[in-house]
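So the sequence shown is residues 1 to 194, counted in UniProt numbering.
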Amino acid sequence: MSPPTHAEETYSTNSVNLESQLNALNINLNLKNLQETVKLKEEELQKHQRFLRMAKVTSLRSKDPNTQVGCVIVDKDNCIVSVGYNGFPIGVDDDVFRWDKEDPEDNKHLYVVHAEMNAIINKRCATLHDCIVYVTLFPCNKCAQMLIQSRVKKVYYLEDRDELAFRASKKMLDHAKLPYEQVEMPRGKYVFEC
């Protein structure tokens, strides 16, 4: 076999250089795509956190001394279409009906309208189809039924409880293929503490 000619050596060297440049370019493109993806995910997370902060602020309207829950519902354009908090029905006096759970006849759970229910009932649009729900506490089984029937797209929440009503809710949401996701909130100097 004869030794390579100068042209063959140059071609071989250029080919290796071109291949390494293409690999470097590909790595840079992949890195740039990854950075863009991370940035989009961070922006998406910040959006969810912003609406959950609004739900938390809404929950402060509740007079329940133990469990204040807030809900914000947004449409596909991220416009708020409804808010709600847990409280007694309109016209039911907070001073007459008590917030305790001791007396079975006066148990607050018999009378309170949940945040999600209030938000669904008071919506400012014809339908909640494909809307996103932000709620401070994972929906109970009754609220899950209403969310499924309203055909919302997804539920984001802050807190959860390991109780029967919440386990039943997850079972229904899973079966109905209505996704839900817990969102962690950052803590900091200028962040509303959740």
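Each residue gets a CB set at the ideal place from its N, CA and C atoms; glycine is no exception.
By alpha-carbon positions, which one of V92, E19, E44 and N17 ends up nearest to Y156?
Minimum Cα distance to Y156 is reached at E44.
Can you list, in chain order, the residues of its chain with a C-beta nearer than 6 Å to that of E42? Leave out the 5 residues immediately preceding and following it.
Taken in chain order, the list of residues that qualify is empty.
I'd like the span of the alpha helix (DSSP H) that includes K142, first residue to last.
Unbroken alpha helix (DSSP H) run through K142: N141 to S150.
What do you reckon, are the CB atoms on K73 and A119 nearer than 7 Å?
Position check: residue 73 holds Ile in this sequence, whereas Lys was assumed. Result yes, Cβ atoms of I73 and A119 sit closer than 7 Å.
Apart from the five residues on each side of it in sequence, which residues of its chain come closer than 7 Å, Cβ to Cβ, to E19?
By the criterion of a C-beta distance shorter than 7 Å, E19 is surrounded by no residue of its chain, once the five residues flanking it on both sides are discounted.
May I have the straight-line CA-CA distance separating residue 277 from N17, to the nearest angstrom?
Lying before the first or after the last residue shown, residue 277 is absent from the chain, which here runs from 1 to 194.
In terms of residues, what are the limits of the alpha helix (DSSP H) holding E116?
For E116, the uninterrupted alpha helix (DSSP H) run begins and ends at A115 to I121, by DSSP.
Suppose contacts are defined by Cβ-Cβ distances below 7 Å. Is V112 in contact with N86 by that definition?
Their beta carbons are under 7 Å apart, which means V112 touches N86 by this criterion.
Limits of the alpha helix (DSSP H) - the one that S169 falls within
Per DSSP, S169 belongs to the alpha helix (DSSP H) from L164 to H175.
With DSSP as the reference, please indicate the residues paired to F71 in a beta bridge.
Correcting the residue type first, residue 71 is Cys in the shown sequence and not Phe. DSSP links C71 through a beta bridge to G84 and V135.
For a test of your reading of the model: does the CB of M117 fall under 6 Å from any non-hydrogen atom of the ligand PLP? Yes or no.
Ligands displayed in this structure: none; no statement on the ligand PLP is therefore possible.
Using 8 Å as the Cβ pair cut-off and three pairs as the minimum, do the segment 60-80 and the segment 124-138 touch?
A contact exists between the segment 60-80 and the segment 124-138.
Please name the residue or residues paired with K154 in a DSSP beta bridge.
As DSSP reads the structure, K154 sits in a beta bridge with I132.
Looking at C-alpha atoms only, which residue of L110, V81, I80 and C79 is the closest neighbour of V92?
Of the candidates L110, V81, I80 and C79, the residue whose Cα lies closest to the Cα of V92 is L110.
For the putative contact between D100 and D106, defined by C-beta atoms under 8 Å, what is the C-beta separation to the nearest angstrom?
In this structure D100 is in contact with D106, their Cβ atoms being roughly 7 Å apart against a cut-off of 8 Å.
When the distance is taken between beta carbons, is A165 closer than 7 Å to N141?
Contact flag set, yes.
Three-state secondary structure (DSSP) of E42:
Helix at E42.
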